[in-house]
Amino acid sequence: MKVMSVVGARPQFVKLAAVAAAFGNTEHHHTIVHTGQHYDADLSDVFFHGLSIPEPDVHLGVGSGTHGVQTGTTLAALDPVIAAARPDWVLVYGDTNSTLAGALSAAKQHVPVAHLEAGLRSFNRRMPEEHNRVLTDHAADLLLAPTEEAVRHLTAEGLADRAVLTGDVMVDVCLRLRDKVLRGEATAPALPASRNARKPYLFATLHRAENTDDPDRLAALVDALTGLPVPVVLAAHPRLLARAASFGIKLDHGLLHISRPLPYAELIATVLDSRGVITDSGGLQKEAYLLERVCTTLRTETEWPETLRGGWNALVPDPRELGSQAWSDTVLRPAPKSSRDMPYGDGKAAVRVVRALEDHVAR
Ligand code: UD1
-4 MKVMSVVGAR PQFVKLAAVA AAFGNTEHHH TIVHTGQHYD ADLSDVFFHG
46 LSIPEPDVHL GVGSGTHGVQ TGTTLAALDP VIAAARPDWV LVYGDTNSTL
96 AGALSAAKQH VPVAHLEAGL RSFNRRMPEE HNRVLTDHAA DLLLAPTEEA
146 VRHLTAEGLA DRAVLTGDVM VDVCLRLRDK VLRGEATAPA LPASRNARKP
196 YLFATLHRAE NTDDPDRLAA LVDALTGLPV PVVLAAHPRL LARAASFGIK
246 LDHGLLHISR PLPYAELIAT VLDSRGVITD SGGLQKEAYL LERVCTTLRT
296 ETEWPETLRG GWNALVPDPR ELGSQAWSDT VLRPAPKSSR DMPYGDGKAA
346 VRVVRALEDH VAR
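So for the sequence shown, my numbering puts the first residue at -4; every next one is plus one.
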């Protein structure tokens, strides 16, 4: 079986690590196409090296652009690559513009498409990712769902006969790296001395267009982070740095410490070292849950509603509406005492992904 993984953005590299490793134990021919949506070393190379992912077979070098330009350029660049290889499967991951372009290019050339992380829904049509997920699911031939909830969404859209519940491949990687950190083989970067004295800290990320692209909202979120009584380590996506600079918003002040985007092992070590997480990332909500740290999500909804059970995750669409004391109490709340469900699988999802592709090949 010939399988071509199409990836382009940071969270896809993490998922690819699990899938590439699972293919490494088989006779199947697995190739990697990197679209180039993420090109900074901190967002791309460190994941390939740090997670021992084979170098991409093809790099399209597409880069940044508006949604239409980025999706269209990727689609045009992928056409000849898929036409030349004619794989048994094109495997696309998650919900980025690279995902949609990969699904469209393959579907239009009658090459079977499998969508890993199918069936997630925010039901928020203002998110670019929601369009990408829905369109990709409806274009794909095989829907690899991470959760029972995702299977329910696919069923509600008439897609049940293409869906297979595999569990979440991100769990495979997250638990492997957690064990590495616990063995002392990876550590969190040190905080500057002035902030270190006031450990424990909160770990934060902020990158979604809804939070970064409106100057008033971004300023309010930065104020909410700097107003907290404990240090906050904010691993900054280049998009955040670019928007803050253009709006004249100062990031690195008070107890707010700006770091580079972290390699995956360091990210896991930092979450484990922290007392909680504040984020708008889907992946980090789940990583916090798996690593037993409370998470506060700066959004109105989540594609991972299982994390909300028992209070491990809390949605705060706008910290200003809470007031500073309630905001601080929310992000610094103690971890729930109740035990957690494990709705995301057992850390062996990638093997199930390979099996599902074998079972459905050329059907
Ligand atoms: C993309 C995904 C988002 C995912 C995120 C993970 C879409 C629509 N969005 O968002 O779902 O959660 O990746 O990080 O596909 N930039 C750089 N260097 C890079 C890449 C980007 O500086 O290597 C800057 C550019 O200014 C670019 C901006 O970041 O315009 C946004 O990048 P883009 O890939 O369009 O979207 P993300 O915000 O990264």
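Quick reminder that beta carbons are idealized off the backbone N, C-alpha and C, glycines included.
heavy atom of the ligand UD1 below 8 Å from residue i C-beta
i, result
"R212", "no"
"S59", "yes"
"T91", "yes"
"P51", "no"
"L38", "yes"
"A4", "yes"
"R234", "yes"
"P258", "no"
"A203", "Per the sequence shown, residue 203 should be read as Arg rather than Ala. Yes; taking the cut-off as 8 Å, the Cβ of R203 has a heavy atom of the ligand UD1 nearer than that."
"G179", "no"
"D174", "no"
"H33", "yes"
"A237", "yes"
"G277", "yes"
"P141", "no"
"E124", "yes"
"Q65", "yes"
"H29", "no"
"N206", "no"
"N127", "yes"
"H110", "no"
"H105", "no"
"G133", "For the record, residue 133 in the displayed sequence is His; it is not Gly. Every heavy atom of the ligand UD1 is 8 Å or more from the Cβ of H133, so no."
"H252", "no"
"H44", "no"
"H248", "no"
"H62", "yes"
Residues near residue i in its chain [Cβ-Cβ closer than 6 Å; skip 5 each side]
i, result
"A113", "D132, L138, L139, A140"
"T142", "P338"
"H25", "V(-2), F18"
"V168", "V9, A12, A13"
"P107", "W84, D136"
"H355", "L137"
"A215", "R315"
"V346", "A17"
"K103", "none"
"L285", "C169"
"E124", "D90"
"L55", "T30, G31, A72"
One or two residues paired with residue i in a DSSP bridge
i, result
"S254", "A230"
"F198", "V228, V272"
"N308", "C290"
"M(-1)", "T26, V85"
"L160", "A140"
"A109", "L86, L137"
Contacting residues, own chain, Cβ-Cβ under 7 Å from residue i (five flanking each side not counted)
i, result
"L213", "N206, T207, R238, A239, F242, I244"
"P312", "R294, T295"
"G58", "G31, Y34"
"T68", "V57, G60"
"A145", "A113, G114, L115"
"V166", "L285, Y339, G340, G342, A344"
Cβ-based neighbour list, residue i, same chain, cut-off 8 Å, excluding 5 preceding and 5 following
i, result
"S39", "R5, F8, H29, H33"
"F42", "R5, F8, V9, A12, I48, P258, Y259"
"A264", "V176, A181, T182, A183"
"H202", "H232, R234, L235, D275, S276"
"D324", "none"
C-beta neighbour in chain C for residue i, strict 9 Å
i, result
"S323", "Absent from the structure: chain C. Only one protein chain is present."
Could you pull out every unbroken beta strand (DSSP E) segment of at least 3 residues lying fully inside the region 32 to 104, listed in chain order?
-> 84 to 88
Examine the Cβ distances between the region 301 to 319 and the region 255 to 267 and report whether three or more of them are shorter than 8 Å.
-> As far as the Cβ criterion goes, the region 301 to 319 does not touch the region 255 to 267, which means the pair count is below three.
Would you check if there are 3 or more beta carbon pairs closer than 8 Å linking the region 224 to 238 to the region 153 to 168?
-> Segments in contact, no.
Which parts of the region 126 to 153 are runs of the alpha helix (DSSP H), unbroken and 4 residues or longer, counting only runs that do not cross its ends?
-> 143 to 151
Inter-stretch contact (C-beta, 8 Å, three-pair minimum) for the region 74 to 86 and the region -4 to 8 = The answer is yes - the region -4 to 8 touches the region 74 to 86, with three or more Cβ pairs under 8 Å.
Is the region 36 to 53 touching the region 89 to 103, taking contact as three or more C-beta pairs under 8 Å?
-> no
Mind the definition here: the region 62 to 82 touches the region 108 to 122 only if three or more C-beta pairs lie below 8 Å; say whether that holds.
-> no
Contact between the region 171 to 185 and the region 20 to 39 (3+ Cβ pairs under 8 Å) | no
Determine, using beta-carbon pairs with one atom in the region 269 to 280 and one in the region 145 to 158, whether at least three such pairs fall under 8 Å.
-> Verdict: no, contact absent.
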